[in-house]
Structures are given as C-alpha cells and as structure tokens.
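K.L.:
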Amino acid sequence: MISLDFNFNILTRDLSHYLENQVKVGLFGSGVGLSLVLGFSAAYTCYYLISVAKKPQLISGGKKFYQFLREQCPVVSETYYPTFWCWESRIQTLLRPFVTAKPGVVYRNELIKAADGGQISLDWFDNDDSLFHPDPATRPTVLLLPGLTGTSRESYILHMVQQSRDLGYRCVVFNNRGVSGESLLTPRTYCAANTEDLETVIEHVYRAHEAAPIMAAGVSMGGMMLVNYLGRTGRETCLKGVVVFSAGWDVFECTASLEKPLDRFLFNSYLTSCLQASVHRHRPVLEKCYDIDHVMKAKTIREFDERFTSIMFGYPTNDDYYRDASPVHRLKSVQVPMLCLNAADDVFSPSHAIPVEAVKQNPNLAMLITCHGGHIGFLEGLWPRQSTYMDRVFKQFAKAVIEQGSRLQDLSR
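The numbers in full-length UniProt numbering rise by one with no breaks, and the one at position 44 of the sequence shown is 44.
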C-alpha cells in the first residue's frame, strides 16, 4: 500500500515542477505563495469594502424623528463595518454568545406577584454609584426584555446594562416566567402575544420610582412583546421611548424561514430543545393542564407552539396565535418614539418581512436596517470582544431619549 505521506510528497513535487516550468517561478523559493496570499487578501478586502461595509438605511414616518436621530445618534449615519472575518449572517448569530465578553454585573433579584397567582422575576442593577444621577428617586430607569429563552445573564443584556451604567442609569431586566431559576407557581409561562406580565412589570417599576423617567429595550421576542404592548396601550404608558433589536415582525414569515433545512439544523432544533427543557423543569406544575409527553416530541418551534403555547393562551388554532403575536399589525397604534434595528440578512426576521411601509405611516417610528449583522449579532472590530454596533445604537438612543426627550413630544407635528 502506498502511504498518504508518499502521495502528498509526489503531489507537492509535481505541483512545484509544474509551477517552475509553466509559471517560471519556484513555489517554495520565490514569491508565488506570498503573491497568491496577497492577491486573495486584496480581492477579499475590495469585496468587503464594496459589498459588505455599508451605511445603514434609516427610515422614519416623520421628519422630526428622523432629524432627531441624525443629530443625537450619529451611529445611524455611520458605515457599519462587520467583523472582517465573520460578517455572514449565521456566523454572526452563532458567534456572538461565545466571542463577546460578559461584563460583570451584580443584580438584586425581586419576585413580584402576577394577577393569576404566578410570580415574575426581576433583576435590578441599581447603579448606586452613579455620578451623573446620584439621587435614586430621579435616576433614569431602563427596562430590558431578553429574547425567547433569554435571561438577565445573556451577553447582549449584560452589555446594555454596562452601557446604561456608564450613562448613570438604573436597569431592570424582566425575566419571563420560569426561565431564570424561579419556581413556576401556576401552569402558565409566556408568549409574544400576551403582554399582561409586561404590563404588571411596567406598573411595578413605575411605582417603585415615580419621579424617574423610564425607557425600554427589547431584543428578539422581547422586542415583539414590547411592540405588541405599545400597540395596545397607545399613549397610556409611562415609557418615554423604546428601542427594539432583531424583532420578528411577521411570525409566519419568521417560522417559515427558520424551517429551511440549514436554519432548522442550526437554530430551530436548538431553540425548540431549550423551550422543552424549560417545560421539563416545571413539569409537575404544567402536566396538570397539558400533554407534556406530546410537547416533548416537538421537533420545531411551530410544533411546540401548536402543542403548548397556543393552547395555553386560549387560541383556537396556532395560526390565530401567530397572527396575534405578529407586531407588524400593531405598528400603526404605537404612540411613543420607537427605534427598531434589523439586519437585512437575519434569518430569524427575513428582509422581505421588515415592515418598511408601515413604519413610513407612523411619525413615532424609525427603522434602521443594516446589510449585515445576523440575529442579535452586529459584531464589529477585528476581535469583537467588547461592545457591538447594536450596543452603540442602544447607548446613543437611550441617552437621547432620557436627556433630550422633550424634543420627542408630539412627533406628528
């Protein structure tokens, strides 16, 4: 048998001989290898600068809000340079939890009661060392809503807490029922369409610090829930402004996208297993009302929702639930300033379903669309350990809302 080493040596010798005779340069003794590397690098750099690094598209339903964002949030006008070596959507999405550092944050946990007897876990970062807002009574509060299975320990949440801390603000993270280690007291969890728990949390946060301005930021499903809340409440809310990241606007389109073979393998199956793990943890409470064995056999998020979520919240069909959960239908009713950030390559929220026309019809809305960034990715810098483009959008918008909020009153003028 001829060894692999022998075959490799023959191949290398023949390739070197070919290059020496046909290209007239030696493979190992000259600059061919270096030239190939430099040529590829130059081509890759040109492609990156021409096709990847681009300014985001800013869309708003009103000139007043548009100008406010251009003046107060320079990031909306800057070119977004995704990390040079991982700008592809899925890679950005998969890498963010692993490559970005997790800032050290010490929370104060609070459990509050819900109307049905359940409990909701809030994680507070009080920022008592704030130099800009030393009085806790008036210290601005930022309410943060994580994604589908997220908690206050997600890297994107920790970075927003860090950005808020630098501004001197207080943060409180709304953990959905049963996801952060607390017991489930009633057979009820959460969904994007139902905003009762969010209403309870916002009222509680307001009562705790009535003299402090409050704004909110929602990520993925947290953003969907936030938009649905604003669509229902209109002006009857204490929130001064809202920023939403990587929201899924049409649940039917989001689900269809995540059921494509590659995305089902990379994301859908994993998220389904996370949802099932939460159900399993609380099985003693949930199995009194639901067929948990059937739920645990679900292979996709859609199957999980058909067997569990839509039934829990009383929808006749899963389609009825998805229709009610889709924030696109409530954008016209939002009455507070809201900035939304989506990446055009986000497989969780496909670009054709981003509600550009609906945003144009409401002067309280603005949509920022980057060409790249994936789902809650938005990595930038050569080694993206620290803040992302999304974090910069959050920090600038939060500061603008809190410190220049008076300019955002009655955006329809």
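Every residue, glycine too, gets a C-beta built ideally from N, C-alpha and C.
This one's a predicted model, so the numbers in the text were calculated from it and none came from an experiment.
Is the beta carbon of P146 less than 8 angstroms from the beta carbon of G241?
P.N.:
Taking the first residue of the sequence shown as position 1, residue 146 is located at position 146. Taking the first residue of the sequence shown as position 1, residue 241 is located at position 241. Not closer than 8 angstroms, so no.
K.L.:
Determine, using beta-carbon pairs with one atom in the stretch 128 to 147 and one in the stretch 109 to 119, whether at least three such pairs fall under 8 angstroms.
P.N.:
In short, these stretches do not touch, since the Cβ pair count stays below three.
K.L.:
Along the chain, where does the beta strand (DSSP E) that runs through I214 open and close?
P.N.:
Residue numbering aside, residue 214 sits at position 214 when the sequence shown is read from its first letter. Segment 214 to 219, the beta strand (DSSP E) holding I214.
K.L.:
In or out: R188 buried (at least 16 other Cβ within 10 Å) or exposed?
P.N.:
Taking the sequence shown and counting its residues from 1, one reaches residue 188 at position 188. It is buried - the Cβ of R188 has at least 16 other Cβ atoms within 10 Å.
K.L.:
Bridge partners for M338 per DSSP, in chain order?
P.N.:
Here residue 338 refers to the residue found at position 338 when the sequence shown is read from its first residue. Per DSSP, V242, L365.
K.L.:
Compute the Euclidean distance between the alpha carbons of D345 and G61, then round it to the nearest angstrom.
P.N.:
Taking the first residue of the sequence shown as 1, we reach residue 345 at position 345. Taking the first residue of the sequence shown as 1, we reach residue 61 at position 61. Their backbone Cα atoms lie some 23 angstroms apart in a straight line.
K.L.:
Does the Cβ of W383 have 16 or more other Cβ atoms within 10 Å, making it buried, or fewer, making it exposed?
P.N.:
Residue numbering aside, residue 383 sits at position 383 when the sequence shown is read from its first letter. Label assigned to W383: exposed.
K.L.:
By the three-class DSSP mapping on this structure, what secondary structure does V285 have?
P.N.:
Residue numbering aside, residue 285 sits at position 285 when the sequence shown is read from its first letter. V285: helix per DSSP, three-state reduction.
K.L.:
In whole angstroms, what separates the C-alpha of K399 from that of M338?
P.N.:
Here residue 399 refers to the residue found at position 399 when the sequence shown is read from its first residue. Here residue 338 refers to the residue found at position 338 when the sequence shown is read from its first residue. Each residue's alpha carbon lies about 14 angstroms from the other.
K.L.:
Could you check where the alpha helix (DSSP H) with E110 kicks off and where it finishes?
P.N.:
Residue mapping note: residue 110 aligns to position 110 of the sequence shown, counting from 1. Counting along the chain, E110 falls outside any alpha helix (DSSP H), though it belongs to the beta strand (DSSP E) covering 108 to 113.
K.L.:
What runs of the beta strand (DSSP E), each 3 residues or longer, lie entirely inside the stretch 133 to 202?
P.N.:
Correct list: 141 to 145, 170 to 175.
K.L.:
Please indicate yes or no: does the CB of N268 lie closer than 7 angstroms to some heavy atom of the ligand GDP?
P.N.:
Within the structure as shown, the ligand GDP is missing, as the structure has no ligands at all.
K.L.:
Counting beta carbon pairs with one atom in the stretch 184 to 201 and one in the stretch 160 to 169, are three or more of them shorter than 8 angstroms?
P.N.:
Counting Cβ pairs under 8 angstroms, fewer than three are found: no touch.
K.L.:
So, I376 versus R153, is the Cβ gap smaller than 8 angstroms?
P.N.:
Taking the first residue of the sequence shown as position 1, residue 376 is located at position 376. Taking the first residue of the sequence shown as position 1, residue 153 is located at position 153. No, these two residues do not count as a Cβ contact at 8 angstroms.
K.L.:
Among D129, L158, Y290, T149, which has the Cα closest to the Cα of S220?
P.N.:
Taking the sequence shown and counting its residues from 1, one reaches residue 220 at position 220. Here the closest residue by C-alpha is T149.
K.L.:
If you draw a straight line from the alpha carbon of Y389 to that of C289, how long is it in whole angstroms?
P.N.:
Looking up residue 389 in the sequence shown gives position 389. Looking up residue 289 in the sequence shown gives position 289. Answer to the nearest angstrom: the Cα atoms are 43 angstroms apart.
K.L.:
Quick one: residues in its chain with C-beta nearer than 6 angstroms to the C-beta of T93, no 5 flanking neighbours on either side, listed in chain order?
P.N.:
By one-based count along the sequence shown, residue 93 stands at place 93. Excluding sequence neighbours, T93 sits near G374, H375, G377.
K.L.:
Can the beta-carbon of V334 be found closer than 8 angstroms to that of G231?
P.N.:
Residue numbering aside, residue 334 sits at position 334 when the sequence shown is read from its first letter. Residue numbering aside, residue 231 sits at position 231 when the sequence shown is read from its first letter. Yes, the pair counts as a contact, with Cβ atoms nearer than the cut-off.
K.L.:
Please give the ranges of any alpha helix (DSSP H) in the stretch 233 to 277, keeping only runs that are unbroken, at least 4 residues long and fully inside the region.
P.N.:
251 to 258, all fully within the stretch 233 to 277.
K.L.:
Cα-Cα, which of Q72, M215, I91 is closest to L262?
P.N.:
In the sequence shown, the residue the question calls residue 262 occupies position 262. Answer by Cα proximity: I91.
K.L.:
Buried or exposed: where does R108 fall if 16 or more other Cβ atoms within 10 Å of its Cβ makes it buried?
P.N.:
Within the sequence shown, residue 108 is the residue found at index 108, counting from 1. Looking at its Cβ environment, which holds fewer than 16 other Cβ atoms inside 10 Å, R108 is exposed.
K.L.:
Leaving aside the five residues before and after I292 along the sequence, list all residues of the same chain whose C-beta is less than 7 angstroms from its C-beta, in chain order.
P.N.:
In the sequence shown, the residue the question calls residue 292 occupies position 292. If we look at I292 and ignore the five residues flanking it on each side, its Cβ neighbours are V279, R283, L286.
K.L.:
Three or more C-beta pairs closer than 8 angstroms, one from the stretch 249 to 261 and one from the stretch 319 to 332: is that the case here?
P.N.:
Yes, since at least three Cβ pairs between the stretch 249 to 261 and the stretch 319 to 332 fall closer than 8 angstroms, the two stretches touch.
K.L.:
Here's a check: name, in chain order, each residue in its chain whose Cβ is nearer than 8 angstroms to the Cβ of V295, leaving out the five neighbours to either side.
P.N.:
Sequence index remark: in the sequence shown, residue 295 carries index 295 (1-based). So the list reads Q276, V279, F304, R307, F308, once near-sequence residues are dropped.
K.L.:
Under a Cβ-count criterion, where at least 16 other Cβ atoms within 10 Å of its own Cβ denotes burial, should W85 be classed as buried or exposed?
P.N.:
Against the sequence shown, residue 85 aligns to sequence position 85. Classification of W85: exposed, given that the 10 Å Cβ count is below 16.
K.L.:
Could you please give the first and the last residue of the uninterrupted beta strand (DSSP E) stretch that includes S121?
P.N.:
Within the sequence shown, numbered from 1, the residue matching residue 121 stands at position 121. First-last of the beta strand (DSSP E) with S121: 119 to 125.
K.L.:
Within the 8 angstroms Cβ cut-off, does G33 reach chain B?
P.N.:
In summary, chain B is missing from the structure at hand, where a single protein chain is found.
K.L.:
Comparing alpha-carbon positions, which option in E403, S406, L239, V347 lies nearest G248?
P.N.:
Locating residue 248 in the sequence shown gives position 248, where the first residue counts as 1. Looking at the Cα atoms, V347 is the closest of the given residues.
K.L.:
For A343 and I59, I'd like the C-alpha separation in whole angstroms.
P.N.:
Here residue 343 refers to the residue found at position 343 of the sequence shown. Here residue 59 refers to the residue found at position 59 of the sequence shown. For A343 and I59, the distance between alpha carbons rounds to 13 angstroms.
K.L.:
Looking at the structure shown, is residue 446 part of a helix, part of a strand, or coil, going by DSSP?
P.N.:
In this structure the chain extends from 1 to 413, so residue 446 is not present and cannot be described.
K.L.:
In the structure shown, what three-state DSSP assignment does Y290 receive?
P.N.:
As a position in the sequence shown, residue 290 is number 290, starting the count at 1. Coil.
K.L.:
Drop a sphere of 10 angstroms on the beta-carbon of G178, count the other beta-carbons inside from all chains shown, and report buried for 16 or more, exposed for fewer.
P.N.:
As a position in the sequence shown, residue 178 is number 178, starting the count at 1. Result: buried.
K.L.:
Can you tell me where the alpha helix (DSSP H) holding W69 begins and where it ends?
P.N.:
Locating residue 69 in the sequence shown gives position 69, counting from the first residue. One point to set straight first is that residue 69 is Leu, not Trp, in the sequence displayed. Unbroken alpha helix (DSSP H) run through L69: 63 to 72.
K.L.:
When you compare each of D135, K63, S183 to L111 by their alpha carbons, which one comes out closest?
P.N.:
Sequence index remark: in the sequence shown, residue 111 carries index 111 (1-based). Comparing Cα-Cα distances from L111 to each of D135, K63, S183, the minimum goes to S183.
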